[in-house]
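To convert, take the position in the sequence shown, counting from 1, and add 2; that gives this note's numbering.
Notes to accompany the following structure.
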Amino acid sequence: VYQPVIPFNIYHGMGMRLFSIGDVGGNPANAYSIERKGDSDNFEKYFYVDDHLVGGILIGNISKSGRLKKGVAENLSKSEFEND
Numbered sequence: 003v004y005q006p007v008i009p010f011n012i013y014h015g016m017g018m019r020l021f022s023i024g025d026v027g028g029n030p031a032n033a034y035s036i037e038r039k040g041d042s043d044n045f046e047k048y049f050y051v052d053d054h055l056v057g058g059i060l061i062g063n064i065s066k067s068g069r070l071k072k073g074v075a076e077n078l079s080k081s082e083f084e085n086d
């Protein structure tokens, strides 16, 4: 059975590390719930539709990229993703 690949981007350059995956708020038909976390060096932004993770952006420390990729691929709920 074909499993579609979820698009993601990784960038390392100019002193910055960035990871993004999935739907990061670009569909005007969706009502997004957005959660932001971060400090001066690191930033996390998660996008939820109907309480399910659909995309995210990590800047700085991208060590959570594997977890984020899994969460989007498995369509985890917000509580499942936060407790994973």
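All C-beta atoms in this analysis are idealised placements derived from N, C-alpha and C, irrespective of residue type, glycine included.
Please report how far the alpha carbon of L78 lies from the alpha carbon of M16, in whole angstroms. 33 Å
State whether the segment 64-78 contacts the segment 29-43, with contact taken as three or more CB pairs (one from each stretch) at a distance under 8 Å. no
Under 8 Å by Cβ, that's how I've got K71 and I23 pegged, so tell me the actual separation to the nearest angstrom. 6 Å
Can you tell me which of M18, V7 and Q5 puts its alpha carbon nearest to the alpha carbon of I61? M18
When the Cα atoms are used, what is the spatial distance from S42 to I64? 14 Å
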